[in-house]
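**Student:**
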Amino acid sequence: MTEKMLKFVHLEQKYPHKREASERRTDFNEIYEAFEDDKAADQASRCSQCGVPFCQAHCPLYNNIPDWLRLTTEGRLEEAYAISAATNNMPEVTGRICPQDRLCEGNCVIEQSTHGAVTIGSVEKYITDTAFANGWVKAPKPAKENGMSVGIIGGGPGGMAAAEQLRLKGYEVHIYDRYDRMGGLLVYGIPGFKLEKDVVERRVKLLEEGGVIMHTEFEVGRDATLDDLRKKHDSILIATGVYKARELKLPGAGLGNVYPALEYLTTSNRHGLGDKVPAYEDGTLNAKDKNVVVIGGGDTAMDCVRTAIRQGAKSVKCLYRRDRANMPGSQREVANAEEEGVEFVWLTNPEAFVGDDKVTGVRAVKMRLGAPDAGGRQSPEVIEGSSYTMDADMVILALGFEPEDLPTLFDAPELGVSRWGTVKIDFRTMMTNLDGVFAAGDIARGASLVVWAIRDGRDAADRIDEYLLARKEAAA
1 MTEKMLKFVH LEQKYPHKRE ASERRTDFNE IYEAFEDDKA ADQASRCSQC GVPFCQAHCP
61 LYNNIPDWLR LTTEGRLEEA YAISAATNNM PEVTGRICPQ DRLCEGNCVI EQSTHGAVTI
121 GSVEKYITDT AFANGWVKAP KPAKENGMSV GIIGGGPGGM AAAEQLRLKG YEVHIYDRYD
181 RMGGLLVYGI PGFKLEKDVV ERRVKLLEEG GVIMHTEFEV GRDATLDDLR KKHDSILIAT
241 GVYKARELKL PGAGLGNVYP ALEYLTTSNR HGLGDKVPAY EDGTLNAKDK NVVVIGGGDT
301 AMDCVRTAIR QGAKSVKCLY RRDRANMPGS QREVANAEEE GVEFVWLTNP EAFVGDDKVT
361 GVRAVKMRLG APDAGGRQSP EVIEGSSYTM DADMVILALG FEPEDLPTLF DAPELGVSRW
421 GTVKIDFRTM MTNLDGVFAA GDIARGASLV VWAIRDGRDA ADRIDEYLLA RKEAAA
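Numbering (full-length UniProt numbering), first residue to last: 1 to 476.
#1: Quick check on the burial criterion: 16 or more other C-beta atoms within 10 angstroms. Buried or exposed for Q165?
#2: Would you give the residue range spanned by the alpha helix (DSSP H) that A133 belongs to?
#3: Identify every run of the alpha helix (DSSP H) within the segment 261-323, keeping only runs that are complete inside it and at least 4 residues long; order them along the chain.
#4: Skipping 5 residues on each side, what residues in its chain have a beta carbon closer than 8 Å to that of F132?
#5: Measuring alpha carbon to alpha carbon, tell me which residue in A161, G75 and Q43 is nearest T119.
#6: Helix, strand or coil: how does DSSP classify E208 here?
#7: Mapping DSSP to helix, strand and coil, what is A162?
#8: When you compare the CB positions of G221 and F410, do they come within less than 8 Å of one another, or not?
#9: Which of the three DSSP states is assigned to R368 in this structure?
#10: State yes or no: is the C-beta of R310 within less than 8 Å of the C-beta of A337?
#11: For C59, collect the residues of the same chain with a Cβ closer than 8 Å to its Cβ; drop the 5 residues on either side in sequence, then sort them by chain order.
#12: Only counting runs of 3 or more residues, tell me where the beta strand (DSSP E) segments fall wholly within the segment 402-448, in order along the chain.
#13: What first and last residue would you give for the alpha helix (DSSP H) that runs through I110?
#14: Using C-beta distances below 6 Å, list every residue in its chain close to R458, excluding the 5 sequence neighbours before and after it, in chain order.
#15: Return the Cβ separation of G156 and L185 in integer angstroms, given the expectation that the two are a contact with Cβ distance under 8 Å.
#16: What are the boundary residues of the alpha helix (DSSP H) that includes residue 563?
#17: On the DSSP bridge list, what partners appear for F344?
#18: Would you mind working out which of T429, D442, A392 and V200 sits nearest D462, comparing C-alpha positions?
#19: Nearest-angstrom Cα distance between G361 and F54?
#20: Straight-line CA distance for V173 to S386?
Given below as structure tokens:
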């Protein structure tokens with residue numbers, strides 16, 4: 001047995017309760033409280049440094065994971081952070097919220113050999129938090145200004161990543177966002193127990209220190225049209241994300257206390273940030289002492305059920321029409337929710353919402369998985385005569401998000417969109433049908449992961465730079 005393996009076995013023997021927690025894939029802080037620096041190094045040392053790094057290949061950012069794990073093992077944390085940050089504009093965020101069990105960790109060679117994956121996300125979080133604590137993280141300041149400006153519509157992860165990359169290239173960068181804080185869903189959509197809001201604020205402040213100009217509570221279409229911004233800047237990037245909730249058209253859907261997930265999560269997050277939120281304070285959007293039913297099977301549904309538990313709900317049920325194996329959300333999140341007391345009602349679909357003015361129950365029907373659809377996924381089928389009603393004082397619809405009508409919102413009817421409402425782009429150049437106007441993230445690809453938004457933002461910054469430099473050269 002190698003020295004590294006012996007050291008790891010020693011730590012597992014010393015902290016057996018932490019080993020059990022690690023095996024259950026619980027929260028980073030729960031695993032790392034006892035191990036601190038040693039645990040990060042020992043987790044990193046478990047990396048086999050395989051010749052074909054599947055972890056890296058399955059990271060949307062193609063993050064050089066084996067190299068920064070090796071440097072962490074050797075205690076060279078500043079270098080580890082530098083390598084991580086070379087491909088990722090916010091590793092402190094992805095380390096906390098990425099579904100690593102579906103990406104890097106799920107494809108770890110050690111995981112495939114049934115020995116349990118290296119906790120890559122936790123190590124990523126650790127080295128980045130250490131980098132911030134030691135002042136290794138610097139504001140994006142260019143060596144030279146290039147005299148051109150770019151306007152970015154949307155201050156979420158895609159817009160922030162693009163802003164940093166463009167600023168480093170010497171552009172004057174302006175971010176326009178409709179909310180009173182930058183960060184988008186990082187601030188208002190993802191709960192604070194998964195992503196602390198000061199972590200996002202810290203990254204926003206770095207951008208400001210680097211010279212990125214922020215315009216909060218700015219709505220394109222109200223405060224300026226898209227054409228106004230095109231005249232002001234050399235190029236525009238649309239990185240608004242997708243916020244429109246998918247509707248569930250069932251009898252009783254208009255009853256009181258039936259809410260879209262984002263409205264519920266935004267209210268909770270604003271309260272956590274210290275804002276005065278009447279809908280939370282009067283109990284309207286507060287799950288305390290209520291029977292809560294969440295409909296949906298993705299990561300947003302998991303955020304809702306776990307938030308409701310923390311608010312002191314009487315009971316929390318999650319309805320999903322397929323089984324656990326077919327749930328689109330992170331299995332790690334499902335396990336966390338179960339440990340916290342959430343009841344999952346598998347193979348169940350809502351038929352109607354019951355009540356007079358306010359919802360008092362959900363009428364549901366049992367399902368079974370039938371023949372596979374065109375994509376190979378088994379289609380759910382109704383089991384006749386299996387309807388029943390469950391109590392519900394609050395129903396939260398977590399069915400995903402769709403794009404808003406940007407041509408109308410931006411007063412830009414000429415902006416091309418797909419039949420799904422996403423902004424049409426040439427995926428090689430990332431440009432829309434409007435010259436000099438680009439799009440990135442969920443508004444172009446559809447609702448996806450934060451890590452993909454970061455990747456798209458970085459790619460868009462490169463495409464914008466290529467476009468503007470070519471235009472400048474042609475005009476010379």
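The beta carbon of each residue, even a glycine, is placed where N, CA and C say it ideally should be. What you are looking at is a predicted structure, and each value in this text was computed from that prediction instead of being measured.
**Tutor:** From the atom records:
#1: buried
#2: I120 to A133
#3: 261-272, 278-281 and 299-310
#4: E92 and R202
#5: Q43
#6: helix
#7: helix
#8: yes
#9: strand
#10: no
#11: I65, L103, C104 and V451
#12: 437-439
#13: V109 to Q112
#14: A161 and Q165
#15: 6 Å
#16: The chain is shown only over 1 to 476; residue 563 falls outside these bounds and no answer can be derived.
#17: C318
#18: T429
#19: 46 Å
#20: 57 Å
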